[in-house]
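Counted from 1, the sequence shown has number 398 at position 398 by my numbering; the numbering is strictly sequential.
This report concerns only the one structure given below.
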Amino acid sequence: MFVEIGLFLLLVLVYAVLRDRRPRNCPPGPVEIPFFGRLPFFDEKIGENLRKKYGDIVSHRTGPLRSVYLFDYSTAKEAMARLEFADRPDTFSAFNVDDQKIGGVLGSNGAHWQHDRRFVLRNLRNLGMGKSYLEEAINIEAKALVEDLKKYGGEAINYPDSFRTVALNIIWQMVASTRYDLRCKDVECIYRLTNEFREKFTVLSLLPSFIPALGLLPKSLRHFLFGDDVIDRFAEEMINVVNEAVDKHLEDYDPDKPRDLIDEYIKDMKESEGDDNSLFRRGALNQIINELFFAGSDTVHSMMKWVAYLLARYPEYATRMQQQIDAVVPRDRMVSLDDKPNLPLIEAFTVEALRYSSMLVFNIQRSATRNTNINGYFIPKGTIVSVANYSIHHDPRYWDDPHKFYPERFLDDSATKYTAPKQGFFAFGSGRRQCVGELLARMELFLFTAAIIQHFDVRPPHGVDISQDEFVTLAGSHLPSDKKLIYRSRISTSD
Numbered sequence: 001m002f003v004e005i006g007l008f009l010l011l012v013l014v015y016a017v018l019r020d021r022r023p024r025n026c027p028p029g030p031v032e033i034p035f036f037g038r039l040p041f042f043d044e045k046i047g048e049n050l051r052k053k054y055g056d057i058v059s060h061r062t063g064p065l066r067s068v069y070l071f072d073y074s075t076a077k078e079a080m081a082r083l084e085f086a087d088r089p090d091t092f093s094a095f096n097v098d099d100q101k102i103g104g105v106l107g108s109n110g111a112h113w114q115h116d117r118r119f120v121l122r123n124l125r126n127l128g129m130g131k132s133y134l135e136e137a138i139n140i141e142a143k144a145l146v147e148d149l150k151k152y153g154g155e156a157i158n159y160p161d162s163f164r165t166v167a168l169n170i171i172w173q174m175v176a177s178t179r180y181d182l183r184c185k186d187v188e189c190i191y192r193l194t195n196e197f198r199e200k201f202t203v204l205s206l207l208p209s210f211i212p213a214l215g216l217l218p219k220s221l222r223h224f225l226f227g228d229d230v231i232d233r234f235a236e237e238m239i240n241v242v243n244e245a246v247d248k249h250l251e252d253y254d255p256d257k258p259r260d261l262i263d264e265y266i267k268d269m270k271e272s273e274g275d276d277n278s279l280f281r282r283g284a285l286n287q288i289i290n291e292l293f294f295a296g297s298d299t300v301h302s303m304m305k306w307v308a309y310l311l312a313r314y315p316e317y318a319t320r321m322q323q324q325i326d327a328v329v330p331r332d333r334m335v336s337l338d339d340k341p342n343l344p345l346i347e348a349f350t351v352e353a354l355r356y357s358s359m360l361v362f363n364i365q366r367s368a369t370r371n372t373n374i375n376g377y378f379i380p381k382g383t384i385v386s387v388a389n390y391s392i393h394h395d396p397r398y399w400d401d402p403h404k405f406y407p408e409r410f411l412d413d414s415a416t417k418y419t420a421p422k423q424g425f426f427a428f429g430s431g432r433r434q435c436v437g438e439l440l441a442r443m444e445l446f447l448f449t450a451a452i453i454q455h456f457d458v459r460p461p462h463g464v465d466i467s468q469d470e471f472v473t474l475a476g477s478h479l480p481s482d483k484k485l486i487y488r489s490r491i492s493t494s495d
């Protein structure tokens with residue numbers, strides 16, 4: 001009797017293991033532990049090793065969720081344009097502050113995604129994105145940044161919070177009619193939580209999202225084992241910030257005088273009251289605000305760290321860019337977008353910073369909505385698809401000497417005209433989910449970079465060598481290690 005039971009259990013186990021195997025004709029990948037797969041990863045070194053071993057399309061599984069990584073630009077661009085890869089994975093719900101977990105632009109799908117994306121694009125354009133008066137607002141923040149850096153008096157400092165606040169102020173004025181002083185305490189808690197999130201977030205933190213059964217564990221035990229309480233604390237703080245902004249707008253809302261994106265949403269929400277099919281909801285608004293808060297500030301903040309590091313690391317480029325600025329821009333005004341044609345090296349510098357840094361190691365994930373294929377490989381429905389930005393940006397098939405920081409790759413032969421990359425560039429994604437704020441981000445990066453170059457020499461402290469690249473990858477973001485740099489003013493306050 002016991003023998004028969006043992007044989008039956010063995011057969012069940014064998015059957016389960018066989019069903020758990022990588023599906024036939026799936027892309028190759030590392031050996032998978034039965035029922036578990038492998039730990040998820042966000043590190044560019046692991047990604048590069050997998051690409052070298054298995055090729056441009058790699059399969060990888062954690063729990064029941066299978067991921068496919070695309071390491072080739074042409075393959076990624078073609079796949080991201082396809083309708084069956086337009087969705088986000090269900091794992092995004094862990095970061096959604098909508099009570100129904102379906103609203104917003106970044107992580108939503110289907111009708112809600114189309115509705116919210118159209119609303120955000122329409123209103124950001126109406127509120128200035130791509131228009132000349134937005135440039136004026138950016139340069140107000142650029143001037144504030146210059147004045148903030150001057151206050152340090154040439155002291156060696158870590159990357160300042162003002163890098164983030166100036167970017168936040170641009171989007172937050174359009175969203176909530178609010179501008180923060182660069183040294184105010186109101187956003188300090190959020191910045192602290194963001195830094196804590198990056199520093200404490202590990203691949204283990206995501207295991208409960210990849211393996212739903214782990215969510216059945218007591219919350220205290222789950223937090224102890226996986227450290228995912230950092231996600232909960234982060235979400236709770238953002239819910240407080242978002243609710244405060246929306247509640248304030250509801251208190252003094254005037255339907256005849258909408259001031260910003262929140263007012264416009266409230267107007268549409270009130271007009272659709274009683275319509276059971278309306279997608280205008282308080283929860284969806286909360287998630288839209290949450291996403292714009294971070295998408296509009298955190299990415300530019302991270303890139304400004306790269307800009308400061310690269311200016312200190314390659315002072316010869318800073319000198320050449322200063323010469324270009326001094327030749328065409330009077331000292332009593334800031335660089336404008338109209339100056340861009342005469343400042344080709346600055347535009348080339350910022351685009352090369354985007355490529356070289358590959359700040360987002362893997363682009364934001366997509367999910368297959370049906371069984372399909374990529375380059376002949378079978379991709380089962382529900383597979384998470386990730387584009388390896390870092391690998392594409394450092395692929396010798398598209399870039400000469402890809403690990404070299406070389407802005408001249410984006411200049412013509414005479415070095416007098418900027419030439420945009422035609423292939424191999426994925427910083428803002430591609431296809432139906434391409435970044436909605438790309439135009440704004442490019443404007444900010446160019447004008448903030450130009451402001452720093454125009455007014456400061458950025459250098460490491462005396463005797464500190466930063467010639468050896470030191471980078472870290474935190475929560476999927478590739479960043480220069482924290483460094484103290486000196487921002488030495490080029491122009492006195494009397495000039």
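Note that beta-carbon positions come from the ideal geometry of N, C-alpha and C, so glycine has one too.
Can you check DSSP and say which residues form a bridge with residue i?
| i | result |
| --- | --- |
| Leu474 | Ser477 |
| Phe456 | Ser489 |
| Gly37 | Ile33 and Thr62 |
| Asp395 | DSSP output for Asp395 lists no bridge partner at all. |
| Val146 | Paired residues: none, contrary to the question. |
| Asp413 | DSSP, once it has assigned bridges, lists no residue as partnering Asp413. |
| Arg366 | Val385 |
| Tyr418 | Leu411 |
| Ile157 | Leu485 |
| Asp247 | DSSP output for Asp247 lists no bridge partner at all. |
| Tyr69 | Val58 and Ser386 |
| Tyr377 | Ile374 |
Going by beta-carbon coordinates alone, are residue i and residue j separated by less than 8 Å?
| i | j | result |
| --- | --- | --- |
| Ser545 | Ile346 | Coverage of the chain is limited to positions 1 through 495, which leaves residue 545 absent and any answer about it impossible. |
| Val496 | Leu168 | The question about residue 496 has no answer, for the chain in this structure spans 1 to 495. |
| Val300 | Leu474 | no |
| Val166 | Leu261 | no |
| Met80 | Val436 | no |
| Tyr406 | His478 | no |
| Tyr377 | Asn49 | no |
| Lys404 | Ile157 | no |
| Val68 | Ile379 | yes |
| Thr449 | Val307 | yes |
| Glu32 | Arg61 | yes |
| Ile486 | Gly154 | yes |
| Pro421 | Val351 | yes |
| Ile497 | Gly429 | Since the first and last residues shown for the chain are 1 and 495, residue 497 lies out of range. |
| Pro27 | Arg38 | no |
| Lys305 | Pro23 | no |
Could you give the C-beta distance for residue i and residue j, rounded to a whole number, given that I count them as a contact under 8 Å?
| i | j | result |
| --- | --- | --- |
| Leu447 | Pro344 | At roughly 15 Å, the Cβ-Cβ gap does not stay under 8 Å, so Leu447 and Pro344 are not in contact. |
| Ile392 | Val120 | Ile392 to Val120, Cβ: 27 Å. No contact. |
| Val241 | Glu196 | Rounded, the Cβ-Cβ distance is 16 Å, inconsistent with contact. |
| Phe456 | Arg488 | 6 Å |
| Leu206 | Pro40 | 6 Å |
| Leu105 | Glu291 | What sits at residue 105 in the sequence shown is Val, not Leu. Confirmed, about 6 Å. |
| Gly103 | Gly283 | 6 Å |
Given this structure, state the Cα-to-Cα distance separating residue i from residue j, to the nearest angstrom.
| i | j | result |
| --- | --- | --- |
| Leu66 | Val97 | The sequence shown places Arg at residue 66, not Leu. Roughly 25 Å separates the two Cα atoms. |
| Gly35 | Ile211 | Residue identity check: residue 35 is Phe in the sequence provided, not Gly. One C-alpha to the other measures close to 10 Å. |
| Leu18 | Tyr54 | For Leu18, the predicted model reports a pLDDT of 41, less than 50, meaning its position is unreliable and no value from the coordinates is stated. |
| Asn375 | Thr75 | 8 Å |
| Ala235 | Ala353 | 30 Å |
| Tyr418 | Ala111 | 39 Å |
| Asp228 | Arg409 | 42 Å |
| Thr314 | Gln423 | Note on identity: in this sequence residue 314 is Tyr, with Thr being the wrong assignment. Their Cα atoms are separated by approximately 26 Å. |
| Pro208 | Asn123 | 36 Å |
| Cys184 | Ile190 | 12 Å |
| Leu216 | Gly431 | 37 Å |
| Met321 | Lys257 | 44 Å |
| Asp465 | Val458 | 14 Å |
| Asp56 | Trp399 | 16 Å |
| Leu245 | Trp172 | Contrary to the premise, residue 245 reads as Ala rather than Leu in this sequence. Each residue's Cα considered, the two are about 10 Å apart. |
| Gly274 | Arg281 | 12 Å |
| Arg331 | Thr372 | 58 Å |
| Arg117 | Asn126 | 14 Å |
| Glu152 | Lys143 | Note on identity: in this sequence residue 152 is Tyr, with Glu being the wrong assignment. Roughly 15 Å separates the two Cα atoms. |
| Met443 | Pro255 | 31 Å |
| Leu11 | Tyr265 | At Leu11 the pLDDT is 44, less than 50, meaning the model places this residue with poor confidence; the figure from the coordinates comes in the next sentence. For Leu11 and Tyr265, the distance between alpha carbons rounds to 58 Å. |
| Asp339 | Ile452 | 16 Å |
| Gln114 | Val472 | 35 Å |
| Phe201 | Ser414 | 46 Å |
| Gly476 | Ala137 | 31 Å |
Would you say residue i reaches chain C, if we count a Cβ-Cβ gap shorter than 8 Å as a contact?
| i | result |
| --- | --- |
| Gly431 | This model lacks chain C altogether; it includes just one protein chain. |
Legend entry - Three CB pairs or more closer than 8 Å across the stretch 354-373 and the stretch 40-47: yes
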